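The structure appears right after this line, and notes come after that.
Following this line, the structure appears as structure tokens:
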């Protein structure tokens, strides 16, 4: 059984280029239209490491060229991760030299080596440690929390930095019939955790699982574009999120009106369906997908980070996320 631990600070980062609906429809030429987007996705703004001119002129036909373009602009999964980590460190009041381990994910690496964790550690001035990459796509936040919860207390350093970062717009098709162009944004999130030192959030990771038989429902080729079986993934996401919320609520004896809920930030309309299935109060469901797009594993933790100052002692948070694999995970947080 996973052991609880504490989160001292959380941060997030987004790139500078804004992709709103007008840009995608009028300049890029996506054909689905506003009505389709509002009824199926509910996402009106995203952020990209790619410039608007690049997306408009190339429709991102070549992901390798997109990576080179983003790198030239100075916005990469690593630079976003560093900014998110700096925000989490500042909020936690922890210095880089106090970090004894970095755990990172990156679905869309610009470099195969060095690892994301070591690249971020170097940029922040973090000393040596068992820094590792642990990637479970969009469910990586839950995987990182479960990994920490499963770590023997004696093996914990004073503080651990966990990071989720990706740049899916470099792997997104922006040709006229694209659906994915409406969905994806780029971004990063970071958390500072400790087993030894009490912090603001007490975390209990409760669930993590995978379904390898469905692995090909979501794919990104090494040099290719994002592909998914949209209908199958949507059905799975709604069913599994409902199941996780119900399981965690039963385990912790929670009532819907008393908790904040956070789900995977993939689709605003899909989240409304989850709320309807469970009769959850919309005002207690925290989300940002409508204004920053699906930023993969960084989505759910960025929501919590963005609401950090809103929380008060005694508040309870249930999170449930999903990703390629197919994989899912969730847990419980309480504000101390």
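Residue numbers (this note's numbering): 944 to 1279. Just so you know, even glycine gets a beta-carbon here, dropped at the ideal spot from N, CA and C. These numbers come from a predicted model, not from an experiment.
Any idea what DSSP makes of residue 986, helix, strand or coil?
Within the chain shown, residue 986 is the residue found at index 43, counting from 1. In the structure shown, residue 986 sits in coil (DSSP, three-state: anything other than H, G, I, E or B).
If I'm right that residue 1177 touches residue 1213 with Cβ under 8 Å, what's the distance once you round it to whole angstroms?
Position 234 of the chain shown, counted from the first residue, corresponds to residue 1177. Position 270 of the chain shown, counted from the first residue, corresponds to residue 1213. Indeed, because the Cβ distance is near 6 Å, the residues count as touching under 8 Å.
How about residue 1029 and residue 954: do their beta carbons lie closer than 8 Å?
Taking the first residue of the chain shown as position 1, residue 1029 is located at position 86. Taking the first residue of the chain shown as position 1, residue 954 is located at position 11. Yes, they are a contact pair.
First through last residue of the beta strand (DSSP E) which encompasses residue 961:
Within the chain shown, residue 961 is the residue found at index 18, counting from 1. It spans 960 to 963 - the beta strand (DSSP E) in which residue 961 sits, taken as one unbroken run.
Who are residue 991's beta bridge partners in DSSP?
Stepping through the chain shown from its first residue, residue 991 is reached at position 48. 960, per the DSSP bridge assignment.
Counting only the same chain and skipping the five closest in sequence on each side, list residues whose C-beta sits under 7 Å from that of residue 1281.
Here the chain has residues from 944 to 1279 only, and residue 1281 is not among them.
Of the residues 1269, 1247, 996 and 1233, which one's Cα is nearest the Cα of residue 950?
Numbered from its first residue, the chain shown carries residue 950 at position 7. Of 1269, 1247, 996 and 1233, the residue nearest in Cα terms is 1247.
Any contact of the region 1135 to 1151 with the region 1106 to 1117, i.e. 3+ C-beta pairs under 8 Å?
no
Inter-stretch contact (C-beta, 8 Å, three-pair minimum) for the region 1120 to 1128 and the region 1080 to 1092
no
Identify, in the order they occur along the chain, each residue of the same chain with its Cβ nearer than 7 Å to the Cβ of residue 983, setting aside the five sequence neighbours on each side.
Within the chain shown, numbered from 1, the residue matching residue 983 stands at position 40. Hits under 7 Å: 1212.
Among 986, 1238 and 957, which has the Cα closest to the Cα of residue 1017?
Here the question's residue 1017 lines up with position 74 in the chain shown. The candidate whose alpha carbon is nearest that of residue 1017 is 957.
Report back the beta-carbon spacing between residue 1266 and residue 1240 to the nearest angstrom; my notes put them in contact at under 8 Å.
Your numbering for residue 1266 matches position 323 in the chain shown. Your numbering for residue 1240 matches position 297 in the chain shown. With 8 Å as the limit, residue 1266 and residue 1240 qualify as a contact, their Cβ atoms being about 7 Å apart.
So is residue 1198 buried or exposed if we call it buried at 16+ other beta carbons inside 10 Å?
Position 255 of the chain shown, counted from the start, is the residue given in the question as residue 1198. So residue 1198 counts as exposed.
If I'm right that residue 1113 touches residue 1010 with Cβ under 8 Å, what's the distance once you round it to whole angstroms?
If you number the chain shown from 1, residue 1113 lands on position 170. If you number the chain shown from 1, residue 1010 lands on position 67. At roughly 5 Å, the Cβ-Cβ gap stays under 8 Å, so residue 1113 and residue 1010 are in contact.
On the criterion of 16 or more Cβ atoms from any shown chain inside 10 Å, does residue 944 qualify as buried, or is it exposed?
For the purposes of this step, residue 944 is taken as the residue at position 1 of the chain shown. Exposed: under 16 other Cβ atoms inside 10 Å.
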